[in-house]
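Per this note's numbering, residue 155 is the first one in the sequence shown, and the count goes up by one each step. Cβ coordinates follow ideal geometry from the N, Cα and C atoms, glycine included. Keep in mind the model is a prediction, meaning the values are calculated, not measured.
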Amino acid sequence: MRKFFNFAVMSIIAMVSLFAPTTVDAQESYYSQRADDSYSTSFRTSSDVMSYLSSRTFYDGKVNLRIAYDAVYANGNAITAAPIVSDITSTSAFIRATSAYIGGREFTFYLNASKGTISCLESGEKFYLK
């Protein structure tokens, strides 16, 4: 499943030629330090979660991921329809979004604001607060 997600995202990005490779280890270290900005976050509603997400970008060493009210974006390109937030706690939530670009495939992301991360449950890929 991870290979499928990676292939799907990379295919979409390649179509618009916005891929810029970097090393994961250096980026992970830098972006993990930025996660300190997240510790004061407290969610109560899906609107709180979306407000938090839409003003932040996450990175996995290859892809800039941003989740906004209207779509999930990879390197600035919409890859899904509008996301749906569920299972909200004070510092975490699940975000589901369906991609029309890859056959209506649904992706589920787990946001952990206290660690400054978003994980794609289908691929296991982890994105760090940029």
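From the DSSP output, which residues share a beta bridge with residue i?
{"i": "S240", "result": "F248"}
{"i": "F263", "result": "I249 and C274"}
{"i": "Y282", "result": "Y213 and T271"}
{"i": "N218", "result": "Y213"}
{"i": "N231", "result": "A228"}
With H, G and I counted as helix, E and B as strand and the rest as coil, what does DSSP make of residue i?
{"i": "Y223", "result": "coil"}
{"i": "Y206", "result": "helix"}
Could you say which of the options lies nearest to residue i if we only look at CA atoms?
{"i": "A267", "options": "K284, A254 and V226", "result": "K284"}
{"i": "C274", "options": "F197, S244 and F248", "result": "F248"}
{"i": "S201", "options": "Y255, S246, A254 and S253", "result": "S246"}
{"i": "E279", "options": "L207, S205, F197 and N218", "result": "N218"}
Can you tell me whether residue i is buried or exposed, with buried defined as 16 or more other CB within 10 angstroms of its CB?
{"i": "Y213", "result": "buried"}
{"i": "T234", "result": "buried"}
{"i": "A251", "result": "buried"}
{"i": "G270", "result": "buried"}
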